[in-house]
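Protein chains: 2
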Amino acid sequence: MSLPHAILTALLEKPSSGLELTRRFDRSIGYFWSATHQQIYRELGKLEQAGLIRALPAPATPVRGQKKEYEVLSAGREELADWTRRAEDPKPIRSALLLRLRAAAVVGTEGMADELRRHLELHRAQLDEYLAMERRQFPPERDSEADRLRHLVLRGGIELERFWMAWLTEALEGLGVLDDPDD
Amino acid sequence: MSLPHAILTALLEKPSSGLELTRRFDRSIGYFWSATHQQIYRELGKLEQAGLIRALPAPATPVRGQKKEYEVLSAGREELADWTRRAEDPKPIRSALLLRLRAAAVVGTEGMADELRRHLELHRAQLDEYLAMERRQFPPERDSEADRLRHLVLRGGIELERFWMAWLTEALEGLGVLDDPDD
DNA sequence: GATATCATGTAAGGTGTTACATGATTAG
DNA sequence: CTAATCATGTAACACCTTACATGATATC
Numbered sequence: 001m002s003l004p005h006a007i008l009t010a011l012l013e014k015p016s017s018g019l020e021l022t023r024r025f026d027r028s029i030g031y032f033w034s035a036t037h038q039q040i041y042r043e044l045g046k047l048e049q050a051g052l053i054r055a056l057p058a059p060a061t062p063v064r065g066q067k068k069e070y071e072v073l074s075a076g077r078e079e080l081a082d083w084t085r086r087a088e089d090p091k092p093i094r095s096a097l098l099l100r101l102r103a104a105a106v107v108g109t110e111g112m113a114d115e116l117r118r119h120l121e122l123h124r125a126q127l128d129e130y131l132a133m134e135r136r137q138f139p140p141e142r143d144s145e146a147d148r149l150r151h152l153v154l155r156g157g158i159e160l161e162r163f164w165m166a167w168l169t170e171a172l173e174g175l176g177v178l179d180d181p182d183d
Numbered sequence: 001m002s003l004p005h006a007i008l009t010a011l012l013e014k015p016s017s018g019l020e021l022t023r024r025f026d027r028s029i030g031y032f033w034s035a036t037h038q039q040i041y042r043e044l045g046k047l048e049q050a051g052l053i054r055a056l057p058a059p060a061t062p063v064r065g066q067k068k069e070y071e072v073l074s075a076g077r078e079e080l081a082d083w084t085r086r087a088e089d090p091k092p093i094r095s096a097l098l099l100r101l102r103a104a105a106v107v108g109t110e111g112m113a114d115e116l117r118r119h120l121e122l123h124r125a126q127l128d129e130y131l132a133m134e135r136r137q138f139p140p141e142r143d144s145e146a147d148r149l150r151h152l153v154l155r156g157g158i159e160l161e162r163f164w165m166a167w168l169t170e171a172l173e174g175l176g177v178l179d180d181p182d183d
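Here's what the structure looks like:
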């Protein structure tokens, strides 16, 4: 049950419409909890019904195609604060790539090296993007408590990408040895 | 679409019944792609209908409560081999904990340190379990290609746990400074 | 007035989770 | 013959994904 809380966080950072939220999910918050616009609109409806957020003063009857901004109500802020304190176990890892390598142990590794290289490139690109964000958003002089926390979250993403790059590199070395008996 | 492939891999490693698969998912394969027995039974039905696996010679009418073993057919093996070669992008990270820390940047960090310590302990326990598996399953003398690949997958899990422990430790230091002005 | 873009939404299907139901087998 | 456990399954719901639908607004 994290999507509603992701939305509450985003709306507290800045009241927004559904489409604006979608865009922000494509950038910052979505790096750790992605969501499509369909999910977001549905969830905005639920949050409004539950009295955790409300649409800002809008034209009499808000219709399809017309912008609708939301802000968080105090009940929403409380729910979010509760959530940060609640005990919630980490979910087990889900990696299709690890799984695929394990499948390759049974049916053969032919063709996997290309895919691993492709993933390595994707993770390198993601890492570069995070590092650029880090330079832009967290220059040394910004050092409020909120900044430190957001920076910590971003460093989590950075280190995760570094982990994947290291692992993929190791995997490719392993495969290389197997695929090129010349070594 | 990874669950069916996880099941095919498990069944190739050893033909099994639904319950046996469930148990093995609780141990090895499930560490990277978990599944409940309900998912597994549903998926076994689909795989059988699709002609990728079949139930081993069983009593005339296999009934509820009676064990039913499955094995992979050649079509299943081919599908699995195809899957290892297919291009499939990594899914973006989904971490409720990173998200919660980001929420805490808005609503306050009170009470989060306990939760971070709890997670640190859980990851430490998981790491210990992986390391025990590594000692048991991959002693130096085992070194076939399949063993090397499975070992690589396990090392992925190990390094991921180490990543989380390092990040949580850093996060706690950060919070500690904020929560204990004595430092 | 046609086209592109902004903005909100519906529908359908797949996947995952939780709770419950039911028969077979074994141990006391 | 009772209880525990093994084993397979159903049902309902939450969540996520993909494709499509529709109205509003700006631009040429």
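Chain order of the listed sequences is E and Y.
The opening residue of the first sequence carries number 1 in full-length UniProt numbering; numbering runs sequentially from there.
The opening residue of the second sequence carries number 1 in full-length UniProt numbering; numbering runs sequentially from there.
Quick reminder that beta carbons are idealized off the backbone N, C-alpha and C, glycines included.
Keep in mind it's a predicted model, so treat the numbers as computed, not measured.
With distances taken Cα to Cα, identify the nearest neighbour of Y/L11 among E/V107, E/G30, E/R24. E/V107
From this set, Y/V72, Y/A50, Y/L80, Y/P15, which residue's C-alpha is nearest E/R102's C-alpha? Y/L80
Identity of the residues DSSP links to E/I53 by a beta bridge: E/V72
Output the distance between the C-alpha atoms of E/F163 and Y/L160, rounded to the nearest integer angstrom. 7 Å
Whole angstroms are fine: how far does the CA of Y/G156 sit from the CA of Y/E71? 28 Å
Tell me, please, which residues DSSP counts as bridged to Y/S16. Y/Y70
Using a Cβ cut-off of 8 Å (strictly closer), state whether E/E71 contacts chain Y. no
Anything in the stretch 94 to 105 of chain E with a Cβ closer than 9 Å to a Cβ of chain Y? List those residues in chain order, please. R94, S95, A96, L97, L98, L99, R100, L101, R102, A103, A104, A105
Grab me the residues of residue 186 of chain Y's own chain with a C-beta within less than 7 Å of its C-beta, minus the 5 sequence neighbours each way, in chain order. This structure leaves residue 186 of chain Y out entirely; chain Y is present only between 1 and 183.
Just checking: is the beta-carbon of Y/F138 within a distance shorter than 8 Å of some beta-carbon in chain E? no
What does the Cβ neighbour count give for E/A60, buried or exposed, with the cut at 16 atoms within 10 Å? In this prediction, E/A60 has a pLDDT of 45, which is less than 50 and means its spatial position is unreliable; nothing more can be read from the coordinates.
When you compare the CB positions of E/A105 and Y/A146, do they come within less than 8 Å of one another, or not? yes
Would you list, in chain order, the members of the stretch 148 to 160 of chain E that have their beta-carbon closer than 7 Å to a beta-carbon of chain Y? R148, L149, R150, L152, V153, G156, G157, E159, L160
Please name the residue, chosen from Y/L44, Y/T84, Y/D26, Y/L172, that lies closest to Y/D114 on a Cα-to-Cα basis. Y/L172
Would Y/T169 be called buried (16 or more neighbouring beta carbons within 10 Å of its own) or exposed? exposed
Taking E/L175 as the reference, which of E/P90, E/L116, E/L52 has the closest Cα? E/L116
Do you know how far the Cα of Y/L52 is from the Cα of Y/A75? 5 Å
Stretch pair the stretch 135 to 145 of chain Y + the stretch 129 to 146 of chain E: three plus CB contacts closer than 8 Å: no
Report yes or no: is there a C-beta of chain E within less than 8 Å of the C-beta of Y/F163? yes
Work out the CA separation of E/R77 and E/A96 for me, nearest whole Å. 36 Å
Between E/E69 and E/S2, how many whole angstroms is the CB-CB distance? I'm expecting something under 8 Å. The Cβ separation is near 23 Å, so there is no contact.
Using the Cα positions of Y/Y130 and E/L44, report the straight-line distance between them to the nearest angstrom. 41 Å
With DSSP as the reference, label E/P90 as helix, strand or coil. coil
In whole angstroms, what separates the C-alpha of Y/Q38 from that of E/P140? 51 Å
For E/H123, which residues from the same chain have a beta carbon less than 6 Å from its beta carbon, with the 5 sequence-adjacent residues on both sides left out? E161, W164, M165
Can you check whether the C-beta of Y/D89 is within less than 8 Å of a C-beta belonging to chain E? yes
Just how far apart, CA to CA, sit E/I40 and Y/R86? 30 Å
Using DSSP with H/G/I as helix, E/B as strand and the rest coil, what is E/T109? coil
Chain Y residues whose Cβ lies nearer than 8 Å to that of E/I29: L99, R102
Tell me which same chain residues have a C-beta within less than 8 Å of the C-beta of E/F138, skipping the five on either side of it? D147, R150, H151, L154
Helix or strand or just coil, what does DSSP make of E/A60? Unreliable positioning characterises E/A60 in this predicted model, as indicated by a pLDDT of 45, which lies under 50. A coordinate reading is not provided.
I'd like to know if Y/R117 contacts chain E, where contact means its C-beta is closer than 8 Å to some C-beta of that chain. no
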